[in-house]
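So for the sequence shown, my numbering puts the first residue at 23; every next one is plus one.
Heads up, the beta-carbon is just placed ideally off N, CA and C, and yes, glycines get one too.
For reference, the structure discussed in these notes is given below.
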Amino acid sequence: MLGQPGAHTDSRRGISVLQGRLEEFRLPSILTLLELEHKSGVLHLGDLVSGGTGSAFVRQGRIVQASLEGRDAPANFEAVLAMVAWEHGVFEFHSGEVPHEDAVGTTTTHILLEAARRHDETTRIVRS
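As structure tokens, then:
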């Protein structure tokens with residue numbers, strides 16, 4: 023499944039149409055592509071550093087729900103922000119219908135701008 027090139031997927035989850043390594047294609051680039059192409063489906067991610075995994079449900083290019091594995095893990099907006107920081111990992115996008123309610127409440131572009139702002143803020147603090 024996740025991280026295995028050429029792996030087949032369960033038909034209930036849709037067809038795996040995009041997969042790779044986050045070192046080659048960072049999450050902001052993947053989300054921008056999905057937004058521009060108005061794609062629907064679920065994006066699974068795995069962080070090779072922490073061992074964490076997460077999922078983002080996308081409808082017509084807009085993230086409507088997101089989650090990280092773990093009992094106290096952030097969800098939705100904050101989960102996407104956490105996954106955007108992952109630099110070493112794998113991703114796999116399964117095309118298909120997404121019945122979930124919109125729990126994120128903002129555009130993908132807004133999420134990515136907030137992620138960039140937080141990254142810049144953190145970098146400034148570390149350099150101080």
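Anticipated Cβ contact below 8 Å, residue i with residue j, distance rounded
| i | j | result |
| --- | --- | --- |
| L65 | F113 | 6 Å |
| V120 | F79 | 5 Å |
Helix, strand or coil at residue i according to DSSP, with G and I counted as helix
| i | result |
| --- | --- |
| L65 | strand |
| H122 | coil |
| R93 | coil |
| H132 | helix |
| H116 | strand |
| F79 | strand |
| A88 | strand |
| V148 | helix |
| I37 | strand |
| R140 | helix |
| G111 | strand |
| G127 | coil |
Proximity below 8 Å, CB of residue i to CB of residue j
| i | j | result |
| --- | --- | --- |
| L103 | E136 | yes |
| G36 | S89 | no |
| L67 | G127 | no |
| T130 | L55 | no |
| G74 | F115 | no |
| G76 | E57 | no |
| A95 | A101 | yes |
Delimiting residues of the beta strand (DSSP E) encompassing residue i
| i | result |
| --- | --- |
| L49 | Segment 49-58 is the alpha helix (DSSP H) holding L49; no beta strand (DSSP E) there. |
Extent of the continuous alpha helix (DSSP H) run through residue i
| i | result |
| --- | --- |
| L103 | 99-106 |
Tell me whether the segment 40-50 and the segment 80-87 touch, counting them as touching only if at least three CB pairs, one residue from each stretch, are closer than 8 Å. Too few Cβ pairs lie closer than 8 Å, so no.
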